[in-house]
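Colleague: The structure that follows is given in the form of C-alpha cells.
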C-alpha cells in the first residue's frame with residue numbers, strides 16, 4: 006500500500022501540531038525536581054547530537070562549490086543578520102504599548118537566529134528557483150549563526166538574555182559549534198551511513214527539538230511566567246510578526262531585482278532570506294535564556310508557522326508565473342530534494 010504523505014501545499018505542518026502538543030504536555034505535566042534535571046541533561050545531549058548531525062550532513066565540497074555564487078550568499082546573510090535585527094530594534098518602540106518586555110525580547114531574538122535549510126530548499130524547488138543556491142545559502146546561514154547569533158544576542162539583548170555572559174558564549178560554542186565541527190571531521194567515515202538512514206535520523210532531529218521545547222516550557226510553567234502573557238498581547242505579537250514577515254518577503258524579492266539577480270536567484274534569496282530556523286533557534290534560546298526560554302521562543306514558534314503558511318502560498322504562485330522555467334538541478338542537489346513533500350520544520 007502506498008504511504009500517504011502530507012501535501013506540500015497544506016497550510017499546517019503536522020510537526021507544528023506535535024510542537025503544540027508538547028507545549029500542552031509541559032503545561033499539564035511539567036518536569037520538576039529530579040525529573041527537570043534529567044530532562045535538562047537529556048536536552049543538552051540532544052542539542053549537541055543535533056548539531057553533530059548537521060555537521061556530518063554538510064558536504065565540504067558542495068560548500069566550496071557554493072562559494073562561487075558569493076553575491077547571492079552575502080545577500081542572504083545580510084538579510085538574515087543585518088536587516089532582520091535592524092527591524093527587530095525598530096520594533097522596540099512597540100514596547101510596552103503593544104508588546105511586553107519579555108515578548109519583545111523574544112521577538113528581537115527571533116530576528117537574530119539563522120535561516121532555515123530544508124524549508125528554504127523545498128519552497129525554492131516548488132517555485133522553480135535556484136535550488137543549489139538555496140542549499141548553500143541555508144547551510145552557510147546555519148553555520149554562521151552558531152557564532153553570529155550569540156554575538157548579536159550579547160550585543161543587542163545584554164542582560165535581557167537571561168543573564169547573558171561570556172560563559173553563555175562559551176557554552177554555545179561547546180554545545181553547538183564543537184559538535185558541528187566533529188561531524189564535519191567524521192563525515193568521510195559516517196557520511197554514507199547518514200545518507201542511508203536520513204529518514205530515521207530526521208526523526209531524531211525532530212525528537213530532539215520536541216525535547217528542548219518540553220524542557221523550556223516546563224521551566225516556564227514552574228517559574229509561573231505564563232501569567233505575564235494575555236490574549237491581547239499574543240494578538241499584538243502576531244500582528245507585529247505578520248508585518249515583519251511581509252516586509253522581509255518584499256525586501257528580499259524586490260531587493261534581489263534591484264541588485265540584478267535573475268528570477269531563479271531571486272526566488273532563492275526570498276525564501277532563504279525571509280525565514281528563521283526553529284531547529285537552530287530553540288537550542289540557542291535554551292542556552293541563552295535558561296528558565297525564561299519558553300517566553301523567548303514563543304515568538305519564534307509563532308513566526309515559524311506563519312512563514313510556512315505564507316511561503317507555501319507564494320511558492321505555489323511563483324511556480325505558475327508566466328516567466329517560470331524549471332532550472333536544471335545538479336545530481337548532488339537532486340539527491341537531497343524530495344520535490345512535492347512537505348518542508349521540514351527547521
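In our numbering, the protein residues as written are 6 to 351.
Cβ coordinates follow ideal geometry from the N, Cα and C atoms, glycine included.
So which of 103, 109, 82 has the shortest CA-CA distance to residue 93?
Modeller: The option with the nearest alpha carbon to residue 93 is 109.
Colleague: What are the complete alpha helix (DSSP H) segments, minimum 4 residues, inside the region 168–207?
Modeller: Within the region 168–207, the complete alpha helix (DSSP H) runs of at least 4 residues are 171–177, 183–201.
Colleague: So the alpha helix (DSSP H) residue 122 belongs to, where does it begin and stop?
Modeller: Where residue 122 is concerned, there is no enclosing alpha helix (DSSP H), given that its DSSP letter is neither H nor E.
Colleague: Distance check for residue 121 and residue 277, CA to CA, integer angstroms please.
Modeller: C-alpha separation (whole angstroms): 7 Å.
Colleague: Keeping to the same chain, check which residues put their C-beta closer than 6 Å to that of residue 341; ignore five residues upstream and five downstream.
Modeller: For residue 341, the predicted model reports a pLDDT of 42, less than 50, meaning its position is unreliable; a value from the coordinates is still stated below. There are no such residues.
Colleague: Tell me the residue span of the alpha helix (DSSP H) that contains residue 101.
Modeller: Careful: residue 101 lies outside any alpha helix (DSSP H) and carries neither H nor E.
Colleague: In or out: residue 204 buried (at least 16 other Cβ within 10 Å) or exposed?
Modeller: Looking at its Cβ environment, which holds fewer than 16 other Cβ atoms inside 10 Å, residue 204 is exposed.
Colleague: Three or more C-beta pairs under 8 Å: does that hold for the region 94–109 against the region 34–47?
Modeller: Touching, no.
Colleague: Please determine, among 239, 275, 245, 136, the residue with the shortest C-alpha to C-alpha distance to residue 256.
Modeller: Looking at the Cα atoms, 275 is the closest of the given residues.
Colleague: Using a threshold of 8 Å, state whether the C-beta atoms of residue 294 and residue 301 are closer than that.
Modeller: Yes. Within cutoff.
Colleague: Mapping DSSP to helix, strand and coil, what is residue 285?
Modeller: Helix.
Colleague: If you count every other CB in all the chains shown that lies within 10 Å of the CB of residue 198, and 16 or more means buried, which is it?
Modeller: It is exposed - the Cβ of residue 198 has fewer than 16 other Cβ atoms within 10 Å.
Colleague: State the DSSP-derived secondary structure class of residue 325, mapped to helix, strand or coil.
Modeller: Reduced to three states, the DSSP call for residue 325 is coil.
Colleague: Would you report the Cα separation of residue 24 and residue 218, rounded to the nearest angstrom?
Modeller: Each residue's Cα considered, the two are about 7 Å apart.
Colleague: Any chance the CB of residue 32 is under 7 Å from a heavy atom of the ligand SAH?
Modeller: The ligand SAH is absent from the structure shown, which contains no ligand whatsoever.
Colleague: Going by other Cβ atoms of all chains shown within 10 Å of its Cβ, with 16 needed for buried, is residue 235 buried or exposed?
Modeller: Residue 235 comes out exposed.
Colleague: Quick check on residue 139: does DSSP put it in helix, strand or coil?
Modeller: Residue 139: helix per DSSP, three-state reduction.
Colleague: One question on the structure: do residue 157 and residue 90 come within less than 8 Å of each other, judged by their Cβ atoms?
Modeller: Cβ atoms of residue 157 and residue 90: closer than 8 Å.
Colleague: Below 8 Å on the Cβ atoms is my contact criterion, and I expect residue 58 with residue 286 to pass it. Report the Cβ-Cβ distance as a whole number of Å.
Modeller: The pair is not a contact, with the Cβ atoms about 17 Å apart (cut-off 8 Å).
Colleague: Within 8 Å, do at least three Cβ pairs link the region 219–229 to the region 314–328?
Modeller: Short answer: they don't touch.
Colleague: Please return the same chain residues whose Cβ sits closer than 7 Å to the Cβ of residue 241, not counting the five positions on each side in sequence.
Modeller: Closer than 7 Å at Cβ, skipping near neighbours: 103, 104.
Colleague: Could you work out which residue in 125, 95, 127 is closest to residue 112 when comparing CA atoms only?
Modeller: Ranking 125, 95, 127 by Cα distance to residue 112 puts 95 first.
Colleague: By the three-class DSSP mapping on this structure, what secondary structure does residue 47 have?
Modeller: Reduced to three states, the DSSP call for residue 47 is helix.
Colleague: Quick check: the Cα distance between residue 174 and residue 201, rounded to an integer number of angstroms?
Modeller: In a straight line, the C-alpha of residue 174 is about 34 Å away from that of residue 201.
Colleague: Identify, in the order they occur along the chain, each residue of the same chain with its Cβ nearer than 6 Å to the Cβ of residue 168, setting aside the five sequence neighbours on each side.
Modeller: Below a pLDDT of 50, predicted positions are generally treated as unreliable, and residue 168, at 49, falls in that range; no measurement from the model is reported.
Colleague: For the candidate residues 244, 62, 131, 268, whose alpha-carbon lies nearest to that of residue 318?
Modeller: Looking at the Cα atoms, 131 is the closest of the given residues.
Colleague: Near residue 310, which residues of its chain fall below 6 Å by C-beta distance, leaving aside the five closest residues on each side in sequence?
Modeller: Cβ within range, chain order: 21.
Colleague: Quick one: give me the first and last residue of the alpha helix (DSSP H) that residue 268 is part of.
Modeller: Residues 268–278.
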